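Contents: one structure, followed by commentary.
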Amino acid sequence: MLSNAFASVMMTHSNFRTYLIAICVVFVPVLIDGQRVADQIYMKLDSSTSQCFRLLNGTHQVGCQSKENGNTGIIYLVESSAELDAINQDSGNYGEYIVAIDARHFDEFASALQRMPSIVGVLLMQRNSEPLGSSGISEDAACPNERTSMYSEDAAHKCDWNPTQTAAGVRFLDWTKPIFLIDNATEIDIIVKSCWETFNKPIDGMARAFPVCAATLTQFMTAAKDAPTCLRRQEMFAGLSGDTTLHLCDPLIDENIIAFLPPTNKTAKQMFEHESVFVLTARMDSFSMFSDRTPGEESAISGVITLLAVANAIGQKREQFSSAARQRKHYLLFALLHGESLDYIGSSRMLYDMNQTKFPVEASSSVKDQVDQLTIDHIGFVLELNQIGSSGGEHFAHVDGTVYSGIKREKIDTVLKDTGFSLADDSNTSRLPPASYQQFLKHSHSIPGFVIGDFKTKFNNKYYNSFADSDNLNAAAAIDAITKVAESSLKAVTNWVANESTGYTIDRDYIKDLYDCFITKKFWDECEILKRATTYLENKAIVRQKTTYIGTQGSMEARSSPIKRIVNVLMVGSLGEKLPNVDTKEQCGHLSGLKKNNMYSYFWQLDLLQSDNASYCYQSTVMQTPAQSPAFLIEDYDMTSGKYSTWVESVWAPSVGLKLFLRPPPRYSLWIFLTAMVVLLVSMAICLLLHRISPLLIDAHPGADIGDPSL
Amino acid sequence: MTFAEALGCTAIAFGPPLWVFVVFIARDPLRIILFVLGAFFWLVSLLLSSILWYAVVPLRQTLVFGLFFSIAFQELFRYLYFFVLKRAQRGLDKLSASGMHIAGVHSLKNARHMLAVVCGLGMGTMAGMFLLVNVIADFSGEGTAGFPASVYVANVTVPFRGHGNYHFCLMSTLSAGILILTHIAWTVVFWDGCHKKGSAVPTWWVGLVIVILSHYVSSAISFYNEKKMYGLTLGVQLIILLINWMFAWYVMGGSVARMKAAFGLGPAAGLSTPRTPIVDETDESPAPTHQRRFDAHHVET
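Line by line, the protein sequences are chains A and B. For the first sequence, full-length UniProt numbering assigns the number 1 to the initial residue and increments by one for each residue that follows. For the second sequence, full-length UniProt numbering assigns the number 1 to the initial residue and increments by one for each residue that follows.
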């Protein structure tokens with residue numbers, strides 16, 4: 001039948017040619033690449049995302065995480081509360097949502113986003129080109145560091161320094177859902193245009209038909225409940241069998257940078273006396289719920305630059321200052337503190353060490369020339385530099401009302417007159433803003449001092465401790481303000497310590513350079529002075545990122561806080577002296593290993609103010625002291641007491657990611673299942689039927705075919 | 001998609017072959033072994049085509065090149081299997097001759113079409129698995145195909161915009177299911193052609209040509225999937241399946257008369273063979289009959 005027909009067709013040559021052409025025609029469609037099917041389904045957005053991570057303290061867990069396999073939901077763009085209402089009503093239809101929201105609206109809707117169970121994830125979109133708007137966003141509470149403040153016992157006191165729409169602080173909510181921050185414009189376009197507008201946006205108020213665009217956010221944190229639980233779980237597993245350790249969370253730890261000028265020397269009988277030390281302090285750190293997004297420019301860096309300028313000015317006349325100070329038996333302590341924004345880690349540890357007479361180092365019998373230990377009664381004045389430069393000039397001094405109305409009032413007034421600032425509040429109910437000075441007063445309620453800031457009753461900084469605390473200052477005005485505050489502080493310091501104020505000048509260019517480097521530029525090594533400062537630092541890729549967060553790696557120098565490492569270099573450059581006969585890095589390192597004295601430290605670095613490549617060994621009094629909360633040192637410390645910071649950071653599970661995809665109609669799987677059942681039944685029937693009728697249907701013994709003897 | 005969908009697609013593609021296996025193959029251990037051997041031969045052909053693809057570096061991105069030789073290798077191994085089986089038959093002949101009846105061992109004569117079905121199912125199942133397993137695995141996650149293909153944003157290059165459709169999995173499934181059944185038909189026709197070559201029938205090559213040609217057409221038409229012309233692809237593959245099955249039926253001795261007889265619409269006289277079910281060589285009772293036949297053949301040669 002068929003075979004005969006074919007046979008006759010195939011016999012002729014010309015038809016063979018037609019045949020060949022037919023094959024090629026069929027082949028024509030195409031050269032395609034072999035592709036993995038998963039690439040047709042998922043689009044991963046991972047070039048710029050930053051994730052909200054978990055912190056735990058003595059009583060709570062805060063921050064975000066997803067389920068272990070990620071949180072999946074339909075993308076919904078929220079621009080006003082109308083969309084949130086739509087989600088509320090709509091949740092039977094689609095189920096779970098992942099909200100995409102512009103960072104400008106985050107603070108406004110934060111509590112709603114946190115509360116609604118149908119929202120299982122948040123994508124925060126921050127377009128770099130647009131300012132965040134006048135509402136601002138702060139991740140800190142309205143009363144920052146409330147638990148460890150000196151006013152925590154005072155219930156009547158209303159503390160609302162920080163203008164934020166979420167009183168508890170967005171960072172300190174327990175989100176139970178992941179939040180990803182996206183600042184890459186392309187990825188934002190993909191989410192808003194390709195995903196939301198193409199598939200999900202309701203048309204004329206009607207929900208769209210399937211397929212709809214959904215996303216999975218994966219970010220799992222291993223720690224839970226609170227710090228004591230997490231640490232206890234870790235301990236239980238430690239050392240059980242060889243190498244297995246369970247790593248769930250890490251305490252926040254880094255170092256403070258301090259420098260005494262002039263140094264003490266017990267051997268030479270140059271020791272601290274009662275109220276002989278002036279402490280000039282600023283905080284180095286900030287935080288955010290988003291990893292790697294802690295520029296802290298207005299919150300912390302502004303104060304750091306001011307202090308660095310003062311140090312630089314005094315460093316220029318170091319010998320003169322030191323001898324004048326020695327005559328008066330007065331000392332100056334520069335203290336750049338870390339971890340202050342998270343319940344005063346640095347300052348509480350510093351004061352704890354002072355109480356244990358271990359500050360700056362413990363007394364040692366093996367060192368010849370050693371420093372004297374500073375205790376709290378040696379402290380004569382505390383001048384703290386808080387946020388500087390945002391309000392366009394006016395800066396205020398904040399005092400504690402009880403101290404100011406006591407016997408130290410005159411001392412405060414003297415210094416105040418030198419600076420020329422006016423008091424924000426001179427009544428006896430005056431409260432200090434969140435500041436390290438509070439910790440000094442907690443230990444000894446009679447230390448005179450004040451805090452300088454650019455605000456009177458509420459912060460001017462609308463981005464206090466947030467991922468957006470970047471590029472919000474007016475450069476020219478801020479530099480002027482920093483210069484003015486630096487000059488005032490310098491006068492106060494030199495008068496108090498050395499009883500002289502002439503001959504010391506603030507280098508405005510230095511301030512300008514530092515401002516440019518730290519704040520204006522996108523990375524911390526894009527300008528000359530910081531490029532030189534970071535020359536000998538390890539792990540430059542991390543150092544250049546603008547992170548002021550204290551972090552958990554403080555025990556490993558190469559991975560510890562970038563801001564601390566940079567500030568260390570700058571302080572050494574300002575306050576150190578070049579040793580003439582030390583020519584290599586190894587010799588310089590050798591000097592610190594010698595331990596002949598612990599008054600000085602030795603660092604090998606470039607001259608920051610020159611442009612050549614010559615490096616020197618700097619001998620200076622700049623030191624690093626631990627900034628780790630005493631809560632982790634004290635045996636059986638009650639973590640719920642709120643006396644010291646108990647913050648720990650959760651360990652991240654390795655896979656973190658965001659992927660977008662389409663969801664098919666919900667009935668689709670049902671149809672496929674039914675089809676499968678039908679196919680199974682029908683094929684079973686056919687097979688059994690064929691089995692039954694095959695003796696008739698086909699030739700049973702084809703061996704008898706075509707005269708073939710063997711088969 | 002979801003796990004239920006993945007399961008459903010697996011059932012759609014591998015359901016019919018499963019029933020073929022259960023009804024026709026599972027009863028006989030020798031057939032099970034040959035089934036697995038068929039799968040193995042297909043795998044080796046895939047290995048060779050992979051080696052070739054890997055070796056020819058410049059043409060790695062040209063799918064057509066790889067596909068052309070892959071199909072050539074598959075058909076080559078189909079022939080090789082036939083060759084191996086023919087060799088084996090001589091050995092098995094000796095084992096079952098002279099009145100010996102070893103359990104599980106029987107001459108493979110007189111059931112060459114059944115063997116072809118077994119081999120075809122083996123090769124087809126393996127081919128279907130390789131076609132489908134990746135797709136089902138990727139589709140068993142949360143999402144379905146289509147999003148990357150729909151992204152038209154500056155600075156984003158989507159490497160491939162085909163298959164941007166949530167029906168892709170189902171269509172692949174149906175394609176794979178058809179492919180497996182078609183392999184059975186191909187093997188029957190192909191082996192019949194090889195067998196007839198041995199006995200110098202003039203039109204022995206017709207079957208081979210049909211099989212090879214329809215294999216190429218079936219694969220080539222699947223390129224239209226990326227244009228989302230699933231109807232065209234599946235339609236052509238279904239037609240190829242039917243044509244090949246008709247040819248296989250004809251080769252197995254089918255005819256209109258037989259069809260009528262099978263459904264009770266015509267006389268069965270002279271058509272059916274002794275009551276032994278064709279497909280069951282291991283049935284104990286007909287042993288004497290068979291043996292006599294073997295002896296007869298043996299004596300003749």
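Glycine included, each C-beta is placed from N, C-alpha and C at the ideal position. As the structure is a computational prediction, the values presented were derived from the model and not from experiment.
- The residues Asp254, His338, Ile550, Gly551, Gly554, in chain order, have a CB closer than 7 angstroms to that of A/Ser561 in the same chain once the five nearest residues on each side in sequence are set aside.
- Residues Phe41, Trp42, Val44, Ser45 of the same chain have their beta carbon placed closer than 7 angstroms to that of B/Phe77, with the five preceding and five following residues left out of the count.
- Residue contact check for A/Phe220 against chain B: no CB pair falls below 8 angstroms.
- Under DSSP, A/Pro665 takes part in no beta bridge, so it has no partner.
- Listed as beta-bridge partners of A/Glu197 by DSSP are no residues whatsoever.
- Taking all protein chains shown into account, A/Arg171 has 16 or more neighbouring C-beta atoms within 10 Å of its C-beta and is therefore buried.
- By the neighbour-count criterion, in which 16 or more other beta carbons inside 10 Å mark a residue as buried, A/Asp189 falls on the buried side.
- As DSSP reads the structure, A/Met623 sits in a beta bridge with A/Ile258.
- For the segment 71 to 89 of chain B, the set of residues with a beta-carbon nearer than 7 angstroms to any beta-carbon of chain A is empty.
- Looking at the DSSP output, A/Cys617 bridges to A/Leu579, A/Trp604.
- CA-to-CA, the gap between A/Thr584 and A/Ser615 works out to about 8 angstroms.
- Here the C-alpha atom of B/Tyr81 lies approximately 7 angstroms from the C-alpha atom of B/Gly38.
- The alpha-carbon of A/Leu261 is positioned some 41 angstroms away from that of A/His60.
- Ranking B/Gly207, B/Ser172, B/Trp53 by CA distance to the CA of B/Asp138 puts B/Ser172 first.
- Contact with chain B is found for A/Tyr42, since one of that chain's Cβ atoms lies less than 8 angstroms from the residue's Cβ.
- In the structure shown, A/Trp652 adopts extended strand secondary structure according to DSSP, grouped into three states.
- Annotated three-state conformation of A/Lys44 is strand, per DSSP.
- For A/Tyr644, the closest of A/Leu333, A/Tyr344, A/Ala86 by C-alpha to C-alpha distance is A/Tyr344.
- Contact annotation: B/Thr187 and B/Leu241 have beta-carbon atoms that are not nearer than 8 angstroms.
- The C-beta of A/Met116 comes no closer than 8 angstroms to any C-beta of chain B.
- With fewer than 16 other CB atoms across the displayed protein chains lying within 10 angstroms of its CB, A/Glu68 is exposed.
- The beta-bridge partner set that DSSP reports for A/Gly453 consists of A/Phe396.
- Chain-ordered, the chain B residues with CB closer than 9 angstroms to the CB of A/Lys193 read Val151, Tyr152, Val153.
- In this structure B/Arg27 is exposed. Its beta-carbon is surrounded by fewer than 16 other beta-carbon atoms within 10 angstroms.
- The beta carbon of A/Asp189 falls within 8 angstroms of a beta carbon belonging to chain B, placing the residue at that interface.
- Following the DSSP letters along the chain, one finds A/Phe180 inside the beta strand (DSSP E) bounded by residues 179 to 182.
- For B/Leu46, the enclosing alpha helix (DSSP H) has its first and last residue at 29 to 55.
- In the structure shown, B/Lys197 falls within a helical segment according to DSSP collapsed to helix, strand and coil.
- Within the model, the alpha-carbon separation for A/Leu591 versus A/Lys578 is close to 13 angstroms.
- Taking 8 angstroms as the CB threshold, B/Leu238 stays off the interface with chain A.
- For A/Phe381, the secondary structure class from DSSP, reduced to helix, strand or coil, is strand.
- In the same chain as A/Tyr515, and ignoring 5 residues on each side of it, the C-beta atoms closer than 8 angstroms to its own belong to Ile305, Ala475, Ala478, Ile479, Ile482, in chain order.
- In the same chain as A/Cys588, and ignoring 5 residues on each side of it, the C-beta atoms closer than 6 angstroms to its own belong to Val582, Tyr602, Trp604, Cys617, in chain order.
- Between the segment 358 to 374 of chain A and the segment 540 to 547 of chain A, the count of C-beta pairs closer than 8 angstroms stays below three; the two stretches do not touch.
- Contact between A/Lys225 and A/Cys64 does not hold, since the beta-carbon distance rounds to 15 angstroms and is not under 8 angstroms.
- At least 8 angstroms separates the CB of B/Thr187 from every CB of chain A.
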